[in-house]
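Residues in the sequence shown are numbered consecutively from 197, following my numbering.
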Amino acid sequence: QVQLVNSGGGLVQAGGSLILSCAASGTIFSSNTVAWYRQAPGKQREFVARITSFGTTDYVDSVKGRFTISRDNAKNTVYLQMNGLKPEDTAVYSCMAVVRGSKYWGQGTQVTVSS
Numbered sequence: 197q198v199q200l201v202n203s204g205g206g207l208v209q210a211g212g213s214l215i216l217s218c219a220a221s222g223t224i225f226s227s228n229t230v231a232w233y234r235q236a237p238g239k240q241r242e243f244v245a246r247i248t249s250f251g252t253t254d255y256v257d258s259v260k261g262r263f264t265i266s267r268d269n270a271k272n273t274v275y276l277q278m279n280g281l282k283p284e285d286t287a288v289y290s291c292m293a294v295v296r297g298s299k300y301w302g303q304g305t306q307v308t309v310s311s
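Pasting the structure below:
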């Protein structure tokens, strides 16, 4: 059974940094595209970043130059390094992977950025 576990969220001041983790079990993460999404209160879930099995990455425009997605295949984990955080980055962040045609989600981790 595939499981994704998110961690690393917290409260940080504007301009600060956090690193989120998405640890997988039940699948070889290196063969999957993994994405981060976020959902702020009262808003729809939004794509944030993606990394393919080839290591190709892409980002929503609002985080380009501030966030970096990466993977550690040995640890079966994908990370989201977030620098220069802004209050508008406040949301619940969740990772998602498509494994054998099915979507799997992490439980989410809260990121709160104070001004």
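For glycine and all other residues, C-beta sits at the position ideal for the given N, C-alpha and C.
Quick caveat: nothing in here was measured; it's all calculated off a predicted structure.
- Cα-Cα separation, Val181 to Gly297: This structure cannot settle anything about residue 181, because the visible part of the chain is limited to 197 through 311.
- Apart from the five residues just before and just after Thr305, which ones in its own chain have a Cβ nearer than 8 Å to its Cβ? Asn202, Ser203, Gly204, Gly205, Leu216, Val288, Tyr289 and Ser290
- Message: From the DSSP secondary-structure annotation, give me the bridge partner or partners of Asp268.
- Response: Thr273
- Query: Does any CB atom of chain C fall closer than 7 Å to the CB of Gly280?
  - Reply: Absence of chain C from the displayed structure is noted, only one protein chain being present.
- Query: Ordered along the chain, which non-local residues of its own chain (more than five positions away) have a Cβ less than 8 Å from that of Val259?
  - Reply: Answer for Val259: Val244, Ala245, Met278 and Asp285, listed in chain order.
- Query: Candidates Lys299, Arg234, Gly212 and Tyr275: which alpha carbon is nearest Gln197's?
  - Reply: Lys299
- Less than 7 Å separating the beta-carbons of Ser310 and Gln209? yes
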